[in-house]
Amino acid sequence: MIFLNPNEISFPDPESTVSESGLMAIGGDLSPERLLFAYQIGLFPWFNEGEEILWWCPDPRFVIFPEELKVSKSMKKILRDQIFTFTENKCFREVMENCRNAYRQDQDGTWISEELVESYTKLHKAGFAKSIEVWQGSELVGGFYGVQLGRVFCGESMFAKVSNASKAGFIQYILKEKEHIDLIDCQIHSEHLESLGAKMISKKEYLQVLKRNNES
């Protein structure tokens, strides 16, 4: 296992590092510079509060290609009836805080620490992290956030205070941006996202998409 130096922004090469669990490295820090570099090479942080920082690159990877998005009849009706309205980057930190406080079945607490909120907020201010907000009237009822790398969006977390809010926001975002995005990284499997068309691809294929994106 690679232990990172907090004073040096570097990671093991995910293309040449084999890990059955997907864990690539431990430690380092959560500076915006390290976070951005991690995403550019296919890694992301995921760890419990109070633990060492863990950096992952799972194989296979769970992703959505915009052209393979599945929208049910009921969701089409929700969008058509304009039950929700949507904004982008209106309240990034509030979205993160809501994701942090959202109840997750079979999870004890949250992995989104205050340090992560601070770090991603800095990344947002630098123009690399974004939030999508879902509203009913003046109330924020859902949303999600992630890291935008050119034509690749790396989703991090979402929340919903009313039924279908986060799903509607996610679908609306993909429909709006489908001509400008090649792939949405969902990281690990969930039935919720699988119902929208997400699927597993190999780490090798995912890293190839990232490489083309970084070179464009």
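Taking my numbering, the leading residue of the sequence shown gets 2, the next gets one more, and so forth.
Every residue, glycine too, gets a C-beta built ideally from N, C-alpha and C.
Check                                                                                                                                                            : Outcome
Which residues mark the beginning and the end of the alpha helix (DSSP H) in which residue 1 is found?                                                           : This structure gives no information on residue 1, because the portion of the chain shown stretches from 2 to 217.
What residues match up with residue 64 in a beta bridge as DSSP calls it?                                                                                        : 186 and 200
Taking only the alpha-carbon atoms, compute the straight-line gap between residue 73 and residue 125 and give it to the nearest angstrom.                        : 32 Å
In angstroms, rounded to a whole number, what distance separates the CA positions of residue 166 and residue 198?                                                : 18 Å
Express the C-alpha separation of residue 40 and residue 13 in angstroms, rounding to a whole number.                                                            : 13 Å
On a CA-only basis, which of 123, 143, 181 and 147 is nearest residue 131? Give me that one, please.                                                             : 147
Determine, using beta carbons only, whether residue 63 and residue 100 come nearer to each other than 8 Å.                                                       : no
On the three-state DSSP scale, how would you describe residue 146?                                                                                               : strand
Suppose the cutoff is 7 Å on Cβ atoms and the five residues either side in sequence are ignored; what does the same chain contact list for residue 18 look like? : 25
Where does residue 110 fall in DSSP's three states?                                                                                                              : Confidence at residue 110 is low in this model, with a pLDDT of 47, below 50, so its placement is unreliable and no value can be given for it.
State buried or exposed for residue 204, treating a residue as buried only when at least 16 other CB atoms are found within 10 Å of its CB.                      : buried
Bridge partners for residue 48 per DSSP, in chain order?                                                                                                         : DSSP output for residue 48 lists no bridge partner at all.
Where residue 128 and residue 43 are concerned, what is the direct C-alpha to C-alpha distance, given to the nearest angstrom?                                   : 19 Å
From residue 201 to residue 28, what does the alpha carbon distance come to, in whole angstroms?                                                                 : 28 Å
Between the alpha carbons of residue 21 and residue 55, how many angstroms are there, rounded?                                                                   : 15 Å
Using C-beta distances below 8 Å, list every residue in its chain close to residue 35, excluding the 5 sequence neighbours before and after it, in chain order.  : 10 and 29
Am I right that residue 168 and residue 68 are in contact with their C-beta atoms under 8 Å? What's the rounded C-beta distance?                                 : Rounded, the Cβ-Cβ distance is 19 Å, inconsistent with contact.
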